[in-house]
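Peer 1: One structure, pasted below without further comment.
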Amino acid sequence: MSAWSTLLHERGPELLQKLLEHLLLTGIATTIAMVIGLAAGIALTRNKAIQAPVMAAVNALQTIPSLAMLAFLLPLFGIGMLPALIALTLYALLPIMRNTLTGIQGLPEAVLEACAALGFTDQQRLWQVELPLALPTIMAGIRTATVISVGVATLAAFIGAGGLGDFIVRGLAVNNSKLVLLGAIPAAALALLLDRLLQGLELALRHGRHARRRSIGKTLTAATLTLLLVLSLSAALLWRSQDTVSIRVASKNFTEQYILAELLAQMLEMHTDLRVERKLNFGSINIVHNALLNDAVDVYPEYTGTAWRVILQRSNTLSAEQTLEQVRAAYQQRFDLRWLQPFGFNNSYAILVTEDLARRHDLHSISDLAALAPTLTMGFAAEFYVRSDGYPALRNAYALNFSDTAEMDLGLLYQALHEGSIDVAAGNSTDGRIPALHLRVLDDDRNFFPPYYAAPVLRGEVLRAHPEIADVLNRLGGVIDTAAMQAMNRAVDQDQQSAYAVAFDFLQQRGLLQPPDAQ
Amino acid sequence: MISLHAVSKSYQRQFDALAPLSLEIPAGELLVVLGSSGSGKSTLLKLINRLLEPDSGHIDYIGKPLREHDPVQLRRNIGYVFQGIGLLPHLTIADNVATVPRLRGDDPRRCHELAQQLLTSVNLDPSIYAQRLPAELSGGQQQRVGVARALATGADLLLMDEPFGALDAITRDELQEVLLDLHQRLHKTIVFVTHDILEAVRLADRIVVLHQGQLQQIGTAAQLLNAPATRFVQQLFSKPLQALDRLRLKS
C-alpha cells in the first residue's frame, strides 16, 4: 500500500494533467463524431440509395486496428494531438451513425404513416417525432462511442498526443505493473463515469420531454453547453500550465531513455528558470526525430550509432570519436539540431548468450556462433528486425543461419534467454540484467555495430534562445559509465524504482544538484 | 364536396389497384367504402388526401382541382383515422389530440382547451386521460383519441381507414355509436373504409362496394340488398343472411 501512496504522491500532478489531456482528447473527438455522425445518419435515412455503400465504408474504417490507423495517419498529419483526434473521431463515428440510422429507420410504420397523413413537414417529422423517438438508440450509440474513445485514446501515447496512455506505455516498457495500472484504472474509471453521465443526461432528456414539450431543444442545448464548458475548462487548465516558456524533454519508450530524459529534465529544472515538460514514450527514432523537426519537442537523448545508421543511412563503421564528429556536423547542417556532450557510456547492441552455453561451446565472439547457429534460436525486439543495423545485416555480416528466430518485447528478452526459451538474444550492453542474470556479451569482432554513445540532441533554435541550456546539460558529459548506466537500468527494471527517483539519486550522489561552483 | 372523375391507380403488383372510378360525395354524407383486402379501398382513401397521386382522371375538392391544393395544408385540413391508430408514443394524450393545431402553430392554450373538449366528446374524461401516454390506454381508448385527433383539425372531411378493424366486437360497437353520434351532431363528411358488412350497414348513408379494383355498386344498404348490381354484391349480402337463418333454425 505504501508503494501506491509513494507512486501517487510522486505522480499526482502528472496524473491530473494526463487525465485532463485524456478528457480533452476524448471529449473533442466524441463531440466532432457526434455532429458528423448525427448529420450523416439523418442524411442517410433520407437517401436510401447510398446507405449501403456509406455504411460499408464506415464499417471498414472500424476494422482497422487502432495502432495501424495511427501509423497510417502519421505521415499525413505528423505526431501529436491532430492525428490522434482524427483517429478517435473515425472510431467514434460508426456507433453514432449506425444508431442514428437504425434508430430512425426502426420506428413503427404506423407512426410514420400517421405523420404523413396528419401533414407533418419533413423538418417537423424529424424534430418532433423521429429524433425524440430514436433518442434512446442514438444515446446508446453516443455512449458506446465515448467508451471506445476513452479506450482508444490510451494508444494516442504512441504518437505523442499524451493522455493516460503515457503511463501505460511507460509502465509496459519498464515492466512496472503499478505504472500500467496508474494509467489503466483512471481510464477505466473515466469510461464508466462518462457512460453514467450520459445515461443520466438521457434520462433527464426523456423526463424533460414529459414535463414540457418544447424542452427537448432546451435540454439538448444545455447538454451541448455543459460539454463545451467541461472541454474549455480542461483546455484552459492545460493551457494555463503551459503559458510560461517551457522546454519539452522527450524520450523513446524504453527504460534507459526514461532515465536519461529524467536526468536532462531534472538538471534543467534545478539550474534554469525554464518550465520543463516531459513528453516521453516516442515509438522510434524516426518519430521523435520528426517531432524535433516539427517543433513538437526540444531535446531528447539519442545514440550516435542509431543516428548514423538510421537517420544518416550510413552503412560503414567508424571510431567513436569520428562517428560523433560526423553525426554532429551532419545534424547541425541538415537539421539545425545540436549534439551536446555524450554521457560517457556506449550502449551498443549486445549479442548475448547464457554464461553456461558460452562455457560449454567456448563462445567469445559473434564469429564463434556461426558453426553453432543452425541449432540455435535467436530472439530480438521487433525494431531490431527492421533496422538497417539489425538482424538481416548482422546475419549477412557473420553468416549466421539460426534454426529459428523469435520477435518479442525488449523487456522480456533477457528473462527468455535466462530461462532457455531462446539461445541467443540481441540486447543492450547497458542493460542491468546482463550481469544480474549471468549473461555473456559476445565480442563484435568484425566491427559490425557502430559505436552507440548517448548524448542529448537539442534544437538549435532553443539553444540560441537559451544558451545556458548547453552549459547545464554538458555537466552530464562523461559522468555515466557503462556500469553506472547498468546500475540505474537495474534499479528501474529489477527493483521497480521510478525513473524519476533513480535519476534524482544519481544527480545527488554526483553533486550535480548543486550549482557548478560548489563542486 | 369531393368529385372523382374516372380516377385510376395501378401498381407494379396488381394488389390494391383501382380501375377508373367516378364518384360524387356530397357534403355531410357518411359514405362507407366496402371491400376485402386488395379491393382498392385504401387506395381510394389515399388518393383523396394526396398520399397517392392518380395515374389517370382527376379529383375536385371543394370546387378546386385536388392537384392545386398544397399537400401538407390539405392533410392538415382533412381528419384521418387509421386502423394502426398511429398515436405518437412520446406525447401525452392531450398533445396527440392537438397534433395538427400544434403543427399549424396555434396558441398552446387554445390547443389545450380544444383537446379537453374533444376528449369529452369521444367519452374520455380529460381529467383522467389528458396527461397519460398512449401506451397507458387500451386499444379502444387509443382509437377514441385517434378520432378526437381527426376532429381537432376542424375539418369538414374525415377519412377513416378501417379504424375499428383491430378492436374487439364490444369496443367496436361502442365506437360505432360514438361515430354516429358525432356525425349527427357535427354534420361532417366522412369517408369510412371497412371490410365488415355489418359495420357498413350500420353506419352508411351510402355504400360503395369495391372488388379487385372494380366498382360493383353504389347505393344505400337497402338498394344493395334488394337490387344487387353484380353477383359479388349479391353474395356479399346473402352469406350473412344465410348465417342468420341457420341460427334461427337452430334455436
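Protein chains in written order, with our numbering: chain X, 1 to 519; chain A, 1 to 251. Glycine is no exception: its CB is placed at the ideal position from the N, C-alpha and C atoms.
If we count Cβ pairs, one from each stretch, closer than 8 Å, do we get three or more for the stretch 431 to 446 of chain X versus the stretch 289 to 300 of chain X?
Peer 2: no
Peer 1: Ignore the nearest five residues each way along the sequence and tell me which others in X:GLY460's own chain have a CB closer than 6 Å to its CB.
Peer 2: Indexing the first sequence from 1 puts residue 460 of chain X at position 460. If we look at X:GLY460 and ignore the five residues flanking it on each side, its Cβ neighbours are ASP336, ARG338.
Peer 1: To the nearest angstrom, how far is the alpha carbon of A:LEU74 from that of A:LYS46?
Peer 2: Here residue 74 of chain A is taken as the residue at index 74 of the second sequence, counted from 1. Here residue 46 of chain A is taken as the residue at index 46 of the second sequence, counted from 1. The straight-line gap from Cα to Cα measures roughly 12 Å.
Peer 1: What's the C-alpha gap between A:GLU162 and A:ILE85?
Peer 2: Residue 162 of chain A sits at position 162 when you count from the first residue of the second sequence. Residue 85 of chain A sits at position 85 when you count from the first residue of the second sequence. Going by the C-alpha atoms only, they are around 10 Å apart.
Peer 1: Can you pull out the residues from the stretch 99 to 111 of chain X whose beta carbon lies closer than 9 Å to at least one beta carbon of chain A?
Peer 2: PRO108, GLU109, ALA110, VAL111
Peer 1: Would you check if the distance between the CB atom of X:LEU164 and the CB atom of X:ALA153 is smaller than 9 Å?
Peer 2: Looking up residue 164 of chain X in the first sequence gives position 164. Looking up residue 153 of chain X in the first sequence gives position 153. When the beta-carbon positions are compared, X:LEU164 and X:ALA153 come within less than 9 Å of each other.
Peer 1: Going by C-alpha to C-alpha distance, which of X:LEU476, X:GLN494, X:ALA484 sits closest to X:GLY511?
Peer 2: Start at 1 with the first residue of the first sequence, and residue 511 of chain X comes out as number 511. Checked all of X:LEU476, X:GLN494, X:ALA484; the closest Cα to X:GLY511 is X:LEU476.
Peer 1: What is the DSSP secondary structure of X:ALA499, reduced to helix, strand or coil?
Peer 2: The count along the first sequence starts at 1 and reaches residue 499 of chain X at position 499. X:ALA499: helix per DSSP, three-state reduction.
Peer 1: Along the alpha helix (DSSP H) that carries A:SER127, what are the first and last residues, could you check?
Peer 2: Translated into positions along the second sequence, residue 127 of chain A becomes position 127. Element bounds for A:SER127: 126 to 129.
Peer 1: Just verifying my parser: in three-state terms, what is the DSSP assignment at A:LEU51?
Peer 2: For this step, residue 51 of chain A is matched to residue 51 along the second sequence. Looking at A:LEU51 - three-state DSSP - the assignment turns out to be coil, as it is neither helix nor strand.
Peer 1: Distance check for X:VAL150 and X:ARG213, CA to CA, integer angstroms please.
Peer 2: Sequence index remark: in the first sequence, residue 213 of chain X carries index 213 (1-based). Sequence index remark: in the first sequence, residue 150 of chain X carries index 150 (1-based). Residue confidence for X:ARG213 is low, a pLDDT of 48 falling below 50, so the modelled location carries little weight; the figure read from the coordinates is stated next. Answer to the nearest angstrom: the Cα atoms are 34 Å apart.
Peer 1: Identify, in the order they occur along the chain, each residue of the same chain with its Cβ nearer than 8 Å to the Cβ of X:TYR398, setting aside the five sequence neighbours on each side.
Peer 2: For the purposes of this step, residue 398 of chain X is taken as the residue at position 398 of the first sequence. Contacts found: ILE366, SER367, LEU369, ALA370, ARG446, PHE448.
Peer 1: Mapping DSSP to helix, strand and coil, what is X:LYS48?
Peer 2: On the first sequence, position 48 is the one that residue 48 of chain X refers to. In the structure shown, X:LYS48 sits in a helix (DSSP, three-state: H, G or I).
Peer 1: What does the Cβ neighbour count give for X:GLY478, buried or exposed, with the cut at 16 atoms within 10 Å?
Peer 2: On the first sequence, residue 478 of chain X is found 478 positions in, with the first residue counted as 1. With fewer than 16 Cβ atoms within 10 Å of its Cβ, X:GLY478 is classed as exposed.
Peer 1: Looking at C-beta atoms only, is the number of pairs between the stretch 499 to 508 of chain X and the stretch 261 to 271 of chain X that lie closer than 8 Å three or more?
Peer 2: Using a Cβ-Cβ distance cut-off of 8 Å, the stretch 499 to 508 of chain X and the stretch 261 to 271 of chain X are in contact, since at least three pairs of beta carbons, one from each stretch, lie closer than that value.
Peer 1: With a threshold of 8 Å on Cβ separation, who are the neighbours of X:LEU292 within its own chain once the five nearest residues in sequence on each side are excluded?
Peer 2: Along the first sequence, one-based indexing puts residue 292 of chain X at 292. Same-chain partners within the cutoff: ALA250, ASP298, TYR300, PHE335, LEU337, VAL457, ARG459.
Peer 1: Less than 9 Å between CB atoms is the rule here; does A:GLY86 satisfy it with respect to chain X?
Peer 2: Indexing the second sequence from 1 puts residue 86 of chain A at position 86. Yes, contact with chain X.
Peer 1: On the premise that A:ASN123 lies in contact with A:VAL178, defined as a C-beta separation below 8 Å, what is that separation, rounded to the nearest angstrom?
Peer 2: To locate residue 178 of chain A, count along the second sequence from 1; it is residue 178. To locate residue 123 of chain A, count along the second sequence from 1; it is residue 123. With a Cβ gap of about 6 Å, A:VAL178 and A:ASN123 count as contacting.
Peer 1: Does the stretch 220 to 235 of chain X come within contact of the stretch 8 to 24 of chain X, defined as at least 3 CB pairs closer than 8 Å?
Peer 2: Touching, yes.
Peer 1: Alpha carbon to alpha carbon, how far is A:THR194 from A:ALA169? Give it in angstroms, no decimals.
Peer 2: As a position in the second sequence, residue 169 of chain A is number 169, starting the count at 1. As a position in the second sequence, residue 194 of chain A is number 194, starting the count at 1. Rounded to whole angstroms, A:ALA169 to A:THR194 spans 14 Å at the Cα level.
Peer 1: Determine the chain X residues that contact A:PRO163 at a beta-carbon separation under 7 Å, and present them in chain order.
Peer 2: Locating residue 163 of chain A in the second sequence gives position 163, where the first residue counts as 1. Those within 7 Å of A:PRO163 in chain X number zero; the least Cβ separation is about 12 Å.
Peer 1: Using a Cβ cut-off of 7 Å, pull out every chain A residue sitting near X:GLU113, in sequence order please.
Peer 2: As a position in the first sequence, residue 113 of chain X is number 113, starting the count at 1. Result: PHE82, GLY84, GLY86.
Peer 1: What residue does the alpha helix (DSSP H) around X:GLY411 start on, and which one ends it?
Peer 2: In the first sequence, residue 411 of chain X corresponds to position 411, counting from 1. 410 to 419 is the span of the alpha helix (DSSP H), which, as asked, contains X:GLY411.
Peer 1: Could you give the DSSP three-state label for X:TYR300: helix, strand or coil?
Peer 2: Locating residue 300 of chain X in the first sequence gives position 300, counting from the first residue. Three-state result, X:TYR300: strand.
Peer 1: Bridge partners for X:SER365 per DSSP, in chain order?
Peer 2: Taking the first sequence and counting its residues from 1, the one referred to as residue 365 of chain X is at position 365. Looking at the DSSP assignment, X:SER365 forms a beta bridge with X:ASP443.
Peer 1: Tell me which residues share the same chain as X:THR430 and place their Cβ nearer than 7 Å to its Cβ, disregarding the 5 neighbours each side in the sequence.
Peer 2: Residue numbering aside, residue 430 of chain X sits at position 430 when the first sequence is read from its first letter. Once the five neighbours on either side are set aside, the close Cβ partners of X:THR430 are GLU256, PHE345, ASN347, THR482, MET485, GLN486, ASN489.
Peer 1: Is there a Cβ from chain X that is less than 9 Å from the Cβ of A:VAL33?
Peer 2: Numbered from its first residue, the second sequence carries residue 33 of chain A at position 33. No, A:VAL33 does not count as interfacial toward chain X.
Peer 1: Any beta carbon from chain X within less than 9 Å of A:HIS90's own beta carbon?
Peer 2: Start at 1 with the first residue of the second sequence, and residue 90 of chain A comes out as number 90. It does; some Cβ of chain X falls within 9 Å.
Peer 1: Per DSSP, what are the beta-bridge partners of X:ALA425 in this structure?
Peer 2: On the first sequence, residue 425 of chain X is found 425 positions in, with the first residue counted as 1. Per DSSP, the beta bridge partners of X:ALA425 are X:LEU352, X:GLY379.
Peer 1: With 16 other CB atoms within 10 Å as the buried threshold, where does X:GLU321 fall?
Peer 2: Translated into positions along the first sequence, residue 321 of chain X becomes position 321. Counting Cβ neighbours within 10 Å, X:GLU321 comes out exposed, since fewer than 16 surround it.
Peer 1: Going along the stretch 119 to 131 of chain X in order, which residues come within less than 7 Å of chain A, judged by CB to CB distance?
Peer 2: GLY119, PHE120, THR121, GLN124, VAL129
Peer 1: If distances are taken between C-alpha atoms only, which option among A:TYR129, A:LEU4, A:LEU137 comes closest to A:ILE62?
Peer 2: Here residue 62 of chain A refers to the residue found at position 62 when the second sequence is read from its first residue. For A:ILE62, the nearest C-alpha among the options comes from A:LEU4.
Peer 1: Is the number of C-beta pairs between the stretch 88 to 108 of chain A and the stretch 128 to 140 of chain A that are closer than 8 Å three or more?
Peer 2: Remark: three or more beta-carbon pairs, one from each stretch, lie closer than 8 Å, so the stretch 88 to 108 of chain A and the stretch 128 to 140 of chain A are flagged as touching.
Peer 1: Pick helix, strand or coil for X:ARG213, following the three-state DSSP scheme.
Peer 2: The count along the first sequence starts at 1 and reaches residue 213 of chain X at position 213. Residue placement at X:ARG213 cannot be trusted, given a pLDDT of 48 that sits under 50; the coordinates are not used to answer.
Peer 1: Would you say X:ALA117 lies against chain A (beta-carbon separation less than 9 Å)?
Peer 2: Counted from its first residue, the first sequence places residue 117 of chain X at position 117. It does: the Cβ of X:ALA117 has a partner Cβ on chain A nearer than 9 Å.
Peer 1: Compare the C-beta of A:ASN123 with all C-beta atoms of chain X and state if any pair is closer than 9 Å.
Peer 2: Residue numbering aside, residue 123 of chain A sits at position 123 when the second sequence is read from its first letter. Judged by the 9 Å Cβ criterion, A:ASN123 is not in contact with chain X.
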